[in-house]
DNA sequence: CAGTTTCTGCGTACTACATACACAGTTCCT
DNA sequence: AGGAACTGTGTATGTAGTACGCAGAAACTG
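Chains as they are written, first to last, in my numbering: chain E, 1 to 238; chain Z, 239 to 476.
See the structure below:
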């Protein structure tokens, strides 16, 4: 189920919810819950048991109401995931104070961003599950990164592209880490290595690379290689 | 959704299927179908209607059997998706003949890879849905990319990292294109721009970037910026 | 050739999930 | 006081994936 696209969503309602622009109800019984509470519980469940464990029924149980009561607060599950994905990006880093200019600043930003992804392994799937909806916290992160690049001579478009490029790299690395940490990944690796071995003549370059240790586990920083490459490339634009 | 992880899979069976290493049945009725046929039909459905449309029932209907008959050929849906994702990578490019060395060769490889992702928009979700399982065709692509980097002075590890980095970029760009092409994305963009406008003082750098046209649509090649940056960075390693 | 084994396709059934709908009770506004 | 707006709930629907067991078909065994 996975990587499902949403069918019918009301962008206006979804964004209003995400940005906290819904007007308070004036009559009726006091709401037992708040959107923030739901979001927090959703995050707690996802942190503990993964995104798949966050079902409407599970969440309802966690907050002590019936499943359908949740729909009084949230139009649908997609919106819940959006809220969760935005909420974990509270407290965007301020990097413009870091000495050394845009490069160490962007590096620090990247580390901070990557930390969030590592703290919440479900984030990647959550963001992959839906697109468009950027909340205020995610936007604040974007702002922080652009602030670092503002003093450089890059065009606005280049600045934007550079940040998106780095973000893509962070997500890629996160994905790789997830794969690696997954239960049973050793078994998969072993069996795949076996297959490569048995088909080595079909993949000469790969076989040589494997023999040379290209796939051997190291304790290098996973983010570093790509980040350095990208920042080198960005520097070359100036 | 989603982006679900699989619970229980038998790596040995899954990989054997993916690599075509299952032994033929010796008795019993002739099978009405083949795995290749299922894979092809799955791809056809996904191409036409998206990955979500590929359900076991839908596929069974398409090939003219009952749902449960499919399980005689495939352990589960994850394996089907694996097969589909590997099958679209038939005919890996040979780039070592391209003049100019590793750089134009890797660029050509990237374009070819990106083409596959664009021809099958569901590929990204399919690969995001499951990990570990690399099939022979995907491995052949990896081999082709490594072959381009083999003559350089890079270490095996660096070669590997560089290819993975580029692949991550290709996927990121694909993701962005998918978002952009999605129905209703204009509406989301418009509403988000509205929100930014109404909160411009909270995001000064972003507001300036937007004003300077950083988010304006261009007809630049989406892959180019990042690819150039990355290849520049890789060149700097030598 | 008869019996056994192995395999096929099928029907039924179970589970988990998101969510539509209508109802009863609660709070506020007029 | 009465109506409007809003809450939580119970019930129901549709769509998934897939477990299980059966009847018949093909091939191997003696």
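Backbone N, C-alpha and C define an ideal beta-carbon position, used for all residues, glycine too.
Indicate whether at least one CB of chain Z lies closer than 7 Å to the CB of residue 222 of chain E.
The sequence position of residue 222 of chain E within the first chain is 222, counting from 1. Taking a beta-carbon distance threshold of 7 Å, residue 222 of chain E does not count as an interface residue toward chain Z.
Assuming residue 63 of chain E and residue 38 of chain E form a contact by the criterion Cβ under 8 Å, report the distance between their Cβ atoms to the nearest whole angstrom.
On the first chain, position 63 is the one that residue 63 of chain E refers to. On the first chain, position 38 is the one that residue 38 of chain E refers to. Cβ-Cβ separation between residue 63 of chain E and residue 38 of chain E: approximately 7 Å, consistent with a contact (criterion under 8 Å).
So is residue 132 of chain E in contact with chain Z if we call contact Cβ pairs under 7 Å?
Along the first chain, read from residue 1 onward, the residue named residue 132 of chain E stands at position 132. So yes, residue 132 of chain E belongs to the interface.
Give me the residue from E:14, E:10, E:191, E:153 with the minimum Cα distance to residue 101 of chain E.
Translated into positions along the first chain, residue 101 of chain E becomes position 101. Closest option to residue 101 of chain E, Cα to Cα, is E:153.
Contacting residues, own chain, Cβ-Cβ under 8 Å from residue 414 of chain Z (five flanking each side not counted)
The count along the second chain starts at 1 and reaches residue 414 of chain Z at position 176. Its chain contains 460 as the residues whose beta carbon lies nearer than 8 Å to that of residue 414 of chain Z, once the 5 sequence neighbours on both sides are disregarded; these appear in chain order.
The ligand COA heavy atoms versus the CB of residue 34 of chain E: any closer than 6 Å?
Only the bare structure without any ligand can be found here, which leaves the ligand COA out of the picture.
Outcome for residue 52 of chain E when other beta-carbon atoms lying within 10 angstroms are tallied against a minimum of 16:
Translated into the one-based positions of the first chain, residue 52 of chain E becomes position 52. Residue environment analysis places residue 52 of chain E among the buried positions, since at least 16 neighbouring C-beta atoms fall within 10 angstroms of its C-beta.
Does any C-beta atom of chain E lie closer than 7 Å to the C-beta of residue 472 of chain Z?
The residue labelled residue 472 of chain Z in the question sits at position 234 within the second chain. At least one chain E Cβ lies under 7 Å of residue 472 of chain Z.
Alpha carbon to alpha carbon, how far is residue 198 of chain E from residue 122 of chain E?
Counting from one through the first chain, the residue named residue 198 of chain E turns up at place 198. Counting from one through the first chain, the residue named residue 122 of chain E turns up at place 122. Distance between the alpha carbons of residue 198 of chain E and residue 122 of chain E is about 35 Å.
So what's residue 299 of chain Z in DSSP terms, helix, strand or just coil?
Locating residue 299 of chain Z in the second chain gives position 61, where the first residue counts as 1. Three-state result, residue 299 of chain Z: helix.
Since residue 370 of chain Z and residue 188 of chain E are thought to touch, with beta carbons under 8 Å apart, how far apart are those beta carbons, to the nearest angstrom?
Here residue 370 of chain Z corresponds to residue number 132 of the second chain, with the count starting at 1. Here residue 188 of chain E corresponds to residue number 188 of the first chain, with the count starting at 1. Residue 370 of chain Z to residue 188 of chain E, Cβ: 4 Å. Contact.
Run through chain Z and tell me which residues come within less than 7 Å of residue 19 of chain E, C-beta to C-beta.
By one-based count along the first chain, residue 19 of chain E stands at place 19. Simply 433.
The alpha helix (DSSP H) with residue 192 of chain E in it runs from where to where?
As a first step, residue 192 of chain E must be located in the first chain, where it is residue number 192. Bounds of the alpha helix (DSSP H) holding residue 192 of chain E are 185-198.
Considering only residues of the same chain and omitting the five flanking positions on each side of residue 336 of chain Z, which have a CB-CB separation below 7 Å?
Position 98 of the second chain, counting from 1, holds the residue named residue 336 of chain Z. 342, 343, 346, listed in sequence order.
Since residue 344 of chain Z is in the alpha helix (DSSP H), which residue starts that stretch and which ends it?
Within the second chain, residue 344 of chain Z is the residue found at index 106, counting from 1. Segment 340-357, the alpha helix (DSSP H) holding residue 344 of chain Z.
Just confirm the distance between the C-beta atoms of residue 205 of chain E and residue 381 of chain Z, as a whole number of angstroms; I'd bet it's less than 8 Å.
Your numbering for residue 205 of chain E matches position 205 in the first chain. Your numbering for residue 381 of chain Z matches position 143 in the second chain. For a cut-off of 8 Å, the C-beta gap from residue 205 of chain E to residue 381 of chain Z is around 5 Å, short enough to register as a contact.
Reference residue 446 of chain Z, options E:219, E:192, E:148, closest by Cα:
As a position in the second chain, residue 446 of chain Z is number 208, starting the count at 1. Distances from the alpha-carbon of residue 446 of chain Z to those of E:219, E:192, E:148 put E:148 closest.
Interface positions of the stretch 415-430 of chain Z facing chain E (Cβ-Cβ less than 8 Å), listed along the chain
Residues passing the 8 Å Cβ filter: 416, 417, 420, 422, 423, 425, 426, 427, 429, 430.
Shorter than 7 Å from the beta carbon of residue 468 of chain Z to some beta carbon of chain E?
To locate residue 468 of chain Z, count along the second chain from 1; it is residue 230. Taking Cβ atoms only, chain E reaches closer than 7 Å to residue 468 of chain Z, which makes this a yes.
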